[in-house]
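Okay, structure first, notes after.
There are 2 protein chains.
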Amino acid sequence: MKITELSGVKEIARRADVSIATVDRVLHNRLGVAQKTKEKILNIIKEMDYKPNILAKRLASKRVYKFGILIPNDHNKAGYWKAPITGIESAYSEFGEFGVELSYYLFDKEDRKNFVEMYDVIFEQPVDGIILAPIFLKESMDFAIKCLENRVQYVFIETNIPAARALSYIGADLYQSGRVVGNICQYLLEEKDNVLVLNIAKNEDSAEHLEKRYEGFKDFMLETFKKINITNISLESDNAEILNYELDKLLKKKDVRLIFVTNGRVHLVAEYIRKHKLKNVKLVGYNYTIQNIEYLKSGHIDFLICQKPIEQGYRAFVALYEHFIAKRKVNNVQYMPIDILTKENYMYYEY
Amino acid sequence: MKITELSGVKEIARRADVSIATVDRVLHNRLGVAQKTKEKILNIIKEMDYKPNILAKRLASKRVYKFGILIPNDHNKAGYWKAPITGIESAYSEFGEFGVELSYYLFDKEDRKNFVEMYDVIFEQPVDGIILAPIFLKESMDFAIKCLENRVQYVFIETNIPAARALSYIGADLYQSGRVVGNICQYLLEEKDNVLVLNIAKNEDSAEHLEKRYEGFKDFMLETFKKINITNISLESDNAEILNYELDKLLKKKDVRLIFVTNGRVHLVAEYIRKHKLKNVKLVGYNYTIQNIEYLKSGHIDFLICQKPIEQGYRAFVALYEHFIAKRKVNNVQYMPIDILTKENYMYYEY
DNA sequence: CTGAAAGCGCTTACAG
DNA sequence: CTGAAAGCGCTTACAG
Chain W
1 MKITELSGVK EIARRADVSI ATVDRVLHNR LGVAQKTKEK ILNIIKEMDY KPNILAKRLA
61 SKRVYKFGIL IPNDHNKAGY WKAPITGIES AYSEFGEFGV ELSYYLFDKE DRKNFVEMYD
121 VIFEQPVDGI ILAPIFLKES MDFAIKCLEN RVQYVFIETN IPAARALSYI GADLYQSGRV
181 VGNICQYLLE EKDNVLVLNI AKNEDSAEHL EKRYEGFKDF MLETFKKINI TNISLESDNA
241 EILNYELDKL LKKKDVRLIF VTNGRVHLVA EYIRKHKLKN VKLVGYNYTI QNIEYLKSGH
301 IDFLICQKPI EQGYRAFVAL YEHFIAKRKV NNVQYMPIDI LTKENYMYYE Y
Chain H
1001 MKITELSGVK EIARRADVSI ATVDRVLHNR LGVAQKTKEK ILNIIKEMDY KPNILAKRLA
1061 SKRVYKFGIL IPNDHNKAGY WKAPITGIES AYSEFGEFGV ELSYYLFDKE DRKNFVEMYD
1121 VIFEQPVDGI ILAPIFLKES MDFAIKCLEN RVQYVFIETN IPAARALSYI GADLYQSGRV
1181 VGNICQYLLE EKDNVLVLNI AKNEDSAEHL EKRYEGFKDF MLETFKKINI TNISLESDNA
1241 EILNYELDKL LKKKDVRLIF VTNGRVHLVA EYIRKHKLKN VKLVGYNYTI QNIEYLKSGH
1301 IDFLICQKPI EQGYRAFVAL YEHFIAKRKV NNVQYMPIDI LTKENYMYYE Y
């Protein structure tokens, strides 16, 4: 309005008849300002509806925030964990590059000790915030406690430990994702059919999560069909021979119409179906991985459920960015969409 | 490395032994720099792998870019078009606020003339970039030409006009989304079944788009079932009575097992199914709207296909941002994922 | 408890 | 064709 109107801190300082240093002190709630001056400035800030210019802030501030990434490495494997890293890096390049430093602490997901080793490194070169996949329950709780002690913020992706009270959890609602599988499968089944649900996990800590998916699935099924026959088996190995042996046994006993694998190992079952040329068994499982997509394309897998691993990483970075740099409140829980992939829509999924 | 190492333009200037103003001229490819000086500076830039600090750039630059939004208003309606606006505004608040001004040119989607009126306004208060839904074909082509003449960049969302060569198109691959419907429906049908595909559109310009969806659906169906019976009907009205009359006729003639509505008007058919208590007709259609979701919840609609209207808006803003502010190359075509919604996963979709 | 001044890495007149 | 200087809206020592 006024031609000579200054903006931002200068204008506040002018109106309050103080220096911008004092305004800055009030803005950051620092000590050493007379109560009267403080109130006056606070009022002016409210009056002006002052919004700091985040650009200027970041440019002027020498502060560099250090964000760490503590997730499994799977170099040689199909690489499910590359996806969140892609997402993190894309968020970083979009609005993190100045004032944020990224460091990687990748661990072997079959090796509990390695997880602990890696997280110990973090506290030697302290970071401000960390993005982690808490796949080892107890160790992750320990880590969370150490973070609290060291005032390190942490964001969980993929799986949650509600008790650990992370800054944010970004991932799927496991129970509900099981219901989604049920919802789709109702169209693949009839009343009297036999269904096999397989939990294939080497790490016992994930049993609980797979169980939640199974619960969701089962609940939906029982609401829909009265006499559906569901068998739930857990295998603690991903060895193909063991799996083949078990499947031979299970499929011989009953006429199974549908197999639901509660995680990304569904490709192992797909391979079995391909080898044995089974025509009448529908197969549903989890995760966009190279192997799974191949079997989706070839028709051995009918549906894959997926929870946007790339975007999980993206949002995890944004959560830390919002907390530290934009200083905005972050939601504790950010449930991802539960996506349904088929051979006709997977190609547009990666985006 | 060196303690006294300056960064950015200053360092370039020091190395080239010129002033930063000259560096700036080269950086922006402005006239008035001796060829020799220019080359020297260019070499240093390459050598240093110089990346401008976008924060400083935006802070120093007084330039404000004006982005316009030319999409339908649907105040009273179910509000499909609110979603892209939400997305645009969220991108704006994330990294647009400084240096971007947003203006709205909302038009009546039933009124061709109003579209033209609104776009005429745009050229009176010229904008730099515009996000539009080109739902009127010819008028949108005219608009595109005027944009080219006035050096205004335009981004299409929701529907594309490839010939118009927009900066970017952000939306679905229509043919492929029809195939996705086919892919799901294969599980709802058997060989000899009758299928009804309904195009319900008042605006004749959308006929072509609905046709593409139908093509995708039909192709998939014919690849999967040899003797499937598909009837394709187009209605140029969304009047409930007319629709009821047509549906009475169509459903009496044949035992229809599945109805596929090629756009968001699927709720009209859902209402018919509800009223007539039809139990054996599956229903599939498009778009996350309040009405459609209600019928998804109640089970009258089995699946909805959706293409992230919120994110379309978000990305459209980002496309303009990247082009004007970050000065990065923007992809001409950004196909959105083709999402499948059911009564069990719709609740996590809006995010 | 308070202020003057330099600086973040750019852009933008203006002078020569 | 080139450079010196002011300024964007903040932060950060430093001095008093």
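Residue numbers (our numbering), protein chains in the order written: chain W, 1 to 351; chain H, 1001 to 1351.
Ideal Cβ placement from N, Cα and C applies to all residues, glycine included.
None of these values were measured; they are calculated from a predicted model.
Neighbour-count burial assignment, residue i, 16 or more Cβ in a 10 Å radius
i: V23 (chain W); result: buried
i: Q1307 (chain H); result: buried
i: S1140 (chain H); result: buried
i: G1299 (chain H); result: exposed
i: I1135 (chain H); result: buried
i: L174 (chain W); result: buried
i: I1290 (chain H); result: exposed
i: N160 (chain W); result: buried
i: G1032 (chain H); result: exposed
i: L222 (chain W); result: exposed
i: L148 (chain W); result: exposed
i: K252 (chain W); result: exposed
i: N292 (chain W); result: buried
i: V1121 (chain H); result: exposed
i: R58 (chain W); result: buried
Short CB-CB distance (under 8 Å) between residue i and chain H
i: I44 (chain W); result: no
i: P337 (chain W); result: yes
i: R179 (chain W); result: yes
i: D173 (chain W); result: yes
i: F225 (chain W); result: no
i: Y314 (chain W); result: no
i: R213 (chain W); result: no
i: R265 (chain W); result: no
i: R58 (chain W); result: yes
i: N53 (chain W); result: yes
i: L278 (chain W); result: no
Any chain W beta carbon closer than 8 Å to residue i
i: K1343 (chain H); result: yes
i: M1141 (chain H); result: no
i: Y1348 (chain H); result: yes
i: N1292 (chain H); result: no
i: F1095 (chain H); result: yes
i: I1184 (chain H); result: yes
i: Q1176 (chain H); result: yes
i: Y1104 (chain H); result: no
i: I1340 (chain H); result: yes
i: V1098 (chain H); result: Looking at the sequence itself, residue 1098 (chain H) is Phe, so the reference to Val does not match. It does: the Cβ of F1098 (chain H) has a partner Cβ on chain W nearer than 8 Å.
Sequence-distant residues of its chain with Cβ nearer than 8 Å to residue i (five each side left out)
i: G404 (chain W); result: Lying before the first or after the last residue shown, residue 404 (chain W) is absent from chain W, which here runs from 1 to 351.
i: K1010 (chain H); result: I1020
i: N244 (chain W); result: Y272
i: L250 (chain W); result: L196, T231, I233 and V256
i: G1008 (chain H); result: Y1050, P1052, N1053 and A1056
i: M118 (chain W); result: L70, Y105, L106 and F107
i: D128 (chain W); result: Y65, K66, F67, V152, Q153, L320 and F324
Residues near residue i by beta carbon distance below 6 Å, same chain, minus five either side
i: V1333 (chain H); result: Y1169
i: A1091 (chain H); result: Y1314, F1317 and V1318
i: I1184 (chain H); result: F1303
i: A60 (chain W); result: none
i: A144 (chain W); result: A164
i: S103 (chain W); result: G68
Same chain only: Cβ atoms within 7 Å of residue i, ignoring 5 sequence neighbours per side
i: N232 (chain W); result: V197 and Y214
i: G96 (chain W); result: F317 and Y321
i: R265 (chain W); result: I200 and D238
i: D1219 (chain H); result: R1179
Q: Give a yes or no on contact between the stretch 146-163 of chain W and the stretch 182-198 of chain W, applying the rule of three or more CB pairs nearer than 8 Å.
A: At 8 Å Cβ cutoff, the stretches do not touch.
Q | the stretch 255-275 of chain W in contact with the stretch 284-296 of chain W per 3-pair CB rule at 8 Å | A | Enough Cβ pairs lie closer than 8 Å, so yes.
Q: Could you name each continuous alpha helix (DSSP H) segment of 4 residues or more that falls completely within the stretch 1270-1308 of chain H, going from the start of the chain to the end?
A: Counting whole runs of 4 or more residues, the stretch 1270-1308 of chain H contains the alpha helix (DSSP H) stretches 1290-1297.
Q) Is the stretch 1038-1046 of chain H touching the stretch 1061-1070 of chain H, taking contact as three or more C-beta pairs under 8 Å? A) Touching, no, given that fewer than three Cβ pairs across the two stretches are closer than 8 Å.
Q: Flag this pair as touching only if the stretch 212-230 of chain W and the stretch 316-336 of chain W have three or more C-beta atom pairs under 8 Å; answer yes or no.
A: Verdict: no, contact absent.
Q.
Three Cβ pairs or more, each shorter than 8 Å: is that satisfied between the stretch 1223-1235 of chain H and the stretch 1273-1282 of chain H?
A. No: fewer than three Cβ pairs fall under 8 Å.
Q.
Quick check: the stretch 1232-1244 of chain H against the stretch 1195-1208 of chain H, are at least 3 beta-carbon pairs closer than 8 Å?
A. With a cut-off of 8 Å, the stretch 1232-1244 of chain H and the stretch 1195-1208 of chain H count as touching, because enough Cβ pairs lie within range.
Q: Scan the stretch 16-104 of chain W and note each continuous alpha helix (DSSP H) run of 4 residues or more that stays entirely inside, going in chain order.
A: Listed in chain order, they are 20-27, 35-48, 54-60 and 82-95.
Q. In chain order, which beta strand (DSSP E) runs of at least 3 residues are fully inside the stretch 1152-1239 of chain H?
A. Correct list: 1153-1157, 1168-1171, 1194-1200 and 1229-1235.
(Q) Could you check whether the stretch 335-342 of chain W touches the stretch 1328-1347 of chain H, counting it as contact only if at least three pairs of C-beta atoms, one from each stretch, sit closer than 8 Å? (A) Yes: the two stretches touch, three or more of their Cβ pairs being nearer than 8 Å.
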